[in-house]
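Okay, so here's the structure we're looking at.
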Amino acid sequence: MLARALGDFEYKKNANVSAEDQVITANPEVIEHKITEEDEFLIIACDGIWDCLTSQQCVDAVRLLISEGKELSEVAEIICELCLAPDTESGAGIGCDNMTMLVVAILHGRTKDDWREWVTQRVKNRVGHPTPETLPQFYSQSRLTAPKAKRAAEEAREKDRQARLGDAAGSPGFGFTRFMGGTGGISLVPPRLGCHVGQWPPDVW
């Protein structure tokens, strides 16, 4: 269930259920957790992230990236990129929503460097939930590579077009052709009263 205090009123109008049981409700789901010495960080993210990753997958990804020496801002950026859909044509909109993510280090009195080393050693020694050695991947390889191949083909075509334009610019008749609208032809208008050759539109017919 999604909690949102303002907006999305069309999803809050079902007269058969209470306000708390609407598809989107203004009542947040609140869970209390007392921080212990085992807690390493806090992840704050919007539904654009949670549509793609489970809580455990997100925790695993954050732990792995911290153990690889990534800054917390970089960790959030990498995970947003991981969730971002490679296209908008398939996937029922998953990975196409706006995404916001924040990782808060729980230092327990440590410096940031000491905290990072502490988390790294815990990952290495498999303390707590075992952290996978790779990031989760939920888009097929073909779907990931198709947009890149399409973009590369478009860039190649544009590069070829620019090259052909450059070759044409160096040809003797390029200036005249461009002046004539690129047709290379001449359209003559018979002179009329008040109309000089080459004048268009004429003043008087």
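Numbering-wise, the sequence shown is residues 1 to 205 according to the UniProt record's numbering. Idealized CB from N, CA, C, for every residue including glycine.
Can you tell me which of the three DSSP states residue i falls into?
i	result
Thr120	helix
Phe9	helix
Val23	coil
Val17	coil
Val104	strand
Leu53	coil
Leu135	coil
Asp97	coil
Gly166	helix
Ile66	helix
Glu75	Per the sequence shown, residue 75 should be read as Val rather than Glu. Here Val75 sits in helix by DSSP.
Asn125	coil
Glu89	coil
Gly109	coil
Gly4	Contrary to the premise, residue 4 reads as Arg rather than Gly in this sequence. It is coil, neither helix nor strand.
Val30	coil
Glu155	helix
Thr177	Here Thr177 scores only 47 on pLDDT, less than 50, and its place in the model should not be relied on; the value that follows carries that caveat. Thr177 falls in the helix class under three-state DSSP.
What's the gap between the Cα of residue i and the Cα of residue j?
i	j	result
Cys58	Leu165	49 Å
Glu38	Glu154	51 Å
Thr100	Trp115	24 Å
Asp113	Ile43	19 Å
Ala152	Asn16	53 Å
Glu117	Ala163	53 Å
Pro130	Ser73	23 Å
Ile106	Arg126	19 Å
Glu133	Glu20	41 Å
Ile49	Glu32	22 Å
Arg161	Asp167	10 Å
Gly184	Lys70	Any answer about Gly184 is weak, because its pLDDT of 49 lies below 50 and its placement is not dependable; what the coordinates show is given next. Whole-angstrom Cα-Cα distance: 60 Å.
Val75	Ser90	27 Å
Val123	Cys80	22 Å
Asn27	Val103	25 Å
Leu6	Glu77	27 Å
Val119	Thr54	21 Å
Ser18	Arg110	47 Å
Gln22	Glu68	42 Å
Asp47	Asn98	8 Å
Output the boundary residues of the beta strand (DSSP E) element that contains residue i.
i	result
Leu84	Segment: none, Leu84 is in no beta strand (DSSP E) and carries neither H nor E.
Phe41	41-45
Beta-carbon within less than 7 Å of residue i's beta-carbon, same chain only, minus the 5 sequence neighbours each way: which residues are those?
i	result
Leu135	Ala61, Leu64, Leu82
Ile24	Leu2, Arg4, Asp8, Tyr11, Lys12
His108	Glu37
Ala52	The sequence given here has Cys at residue 52, not Ala. Hits under 7 Å: Cys83, Ile94, Gly95, Phe138.
Leu188	Residue confidence for Leu188 is low, a pLDDT of 49 falling below 50, so the modelled location carries little weight; the figure read from the coordinates is stated next. So the list is empty, once near-sequence residues are dropped.
Lys34	none
Within the same chain, show all residues whose beta-carbon is closer than 6 Å to that of residue i, passing over the 5 residues directly before and after it, in chain order.
i	result
Thr88	Cys96
Ala45	Met101
Starting from the C-beta of residue i, find all residues in its chain whose C-beta is less than 8 Å away, skip the five residues before and the five after it, and write them out in chain order.
i	result
Glu158	none
Pro56	A quick correction: the sequence has Gln, not Pro, at residue 56. Excluding sequence neighbours, Gln56 sits near His129.
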